[in-house]
Amino acid sequence: MMKCKILEFRPDFVRLLLENTKPAMANAYRRTIQSEVPILAIDEVIFLANTTAFFDEYIAHRLALIPLRTPRKVLDFGEDFSVRLKLDVTAEEEQTTVYSGQLESSDPEVFPVNPKIPIVVMNKGERLSLEAIARVGRGKEHVKWQPVVALGYRYYPIYIFDPKRCGEAKELVEKLNAEIVQEDGMFRVLDAPYHPELEKVLRRCAIDLGEPVVKVEYDDSTIIIKFESTGALDCDEILLLAAEELIKKLEILEDSIRDASQS
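For the sequence shown, this note's numbering assigns the number 703 to the initial residue and increments by one for each residue that follows.
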């Protein structure tokens, strides 16, 4: 049975360890995180006035990519839920920058994650007035609905190194109480807790002394997944919603197979 451990967690970043798994299973979860978790994003913009040098389409595209905080109630209401955000700015000075924080939302719980995202630079006297409509969507429809960035996975590394020439790595491995097997004078590190500093130390050793002193093999039954949240949802919400969506898809597949076998 697959097991999941949290190696590193912050509201905006998570690193998971999946054990007793397969690449296909990890990739299914990765794709669900990226493509199936619903969030809010600006989907339509109505321009009332735009005397800036930027085309309406440019501004609309920038607005769509501004991450919006998505409260759980939005997902409970369903995908027909929408929020309106208004912006009306007249530049009183040269080189006036309009920021995401100037968008006024009809729902106080829905707002730009970062208020300092530049939208457009205006010259004195220019005006920009618009109304944007944010809707619920999924990353498979458009990148603006992806709740994560820098999402990736890799196999768990098994390090093999010369303890005599990589003394710093030897000390660190012993502190981690990792299982070590000696082969031809080399340390083979098994079942070591994930430790980013060990990777850095061994990388330095490999660069300074050459490839023969450090080798890396990979365990494809143990996979590390990491990602950052855009801020629309916290990482724990993303993980749970992705799991729920994946279970729904598997249930649909199970029902389809059952119906096909009975027909």
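Note that beta-carbon positions come from the ideal geometry of N, C-alpha and C, so glycine has one too. None of the values given here were measured: they were computed from a predicted structure.
Query raised in the report: Bridge partners of Thr-792, per DSSP?
Result: Arg-829
Query - Own chain residues within Cβ distance below 7 Å of Phe-749, not counting five before or after - result: Asp-758, Leu-832
Query raised in the report: Which residue's Cα is closest to the Cα of Val-747: Pro-849, Ala-834, Val-915?
Result: Ala-834
Query raised in the report: Which partner residues does Gly-839 have in the DSSP bridge list?
Result: DSSP lists Ile-741 as partners of Gly-839.
Query raised in the report: What distance in whole Å lies between the Cβ atoms of Arg-732 and Leu-853, which are believed to be in contact at a cut-off of 8 Å?
Result: Confirmed, Cβ separation roughly 6 Å.
Requested in this report: Identify, in the order they occur along the chain, each residue of the same chain with its Cβ nearer than 6 Å to the Cβ of Ala-751, setting aside the five sequence neighbours on each side.
Outcome: Arg-829, Ser-831
Requested in this report: May I have the straight-line CA-CA distance separating Arg-771 from Val-838, to the nearest angstrom?
Outcome: 12 Å
Query raised in the report: By Cβ distance, which residues of its chain are closer than 8 Å to Val-915, with the 5 residues on each side in sequence left out?
Result: For Val-915, the CB contacts under 8 Å within the same chain, skipping 5 residues up- and downstream, are Phe-863, Asp-864, Arg-867, Cys-868, Cys-907, Ala-908 in chain order.
Query raised in the report: Would you report the Cα separation of Ala-793 and Lys-826, rounded to the nearest angstrom?
Result: Their backbone Cα atoms lie some 5 Å apart in a straight line.
Query raised in the report: Hey, would you say Ile-926 sits closer than 8 Å to Tyr-861, going by beta carbons?
Result: no
Query - Residue interval of the beta strand (DSSP E) (run including Cys-907) - result: Per DSSP, Cys-907 lies in no beta strand (DSSP E); the unbroken alpha helix (DSSP H) holding it starts and ends at 898-911.
Query raised in the report: Are the segment 708-716 and the segment 816-825 in contact at 8 Å, needing three or more beta carbon pairs?
Result: no
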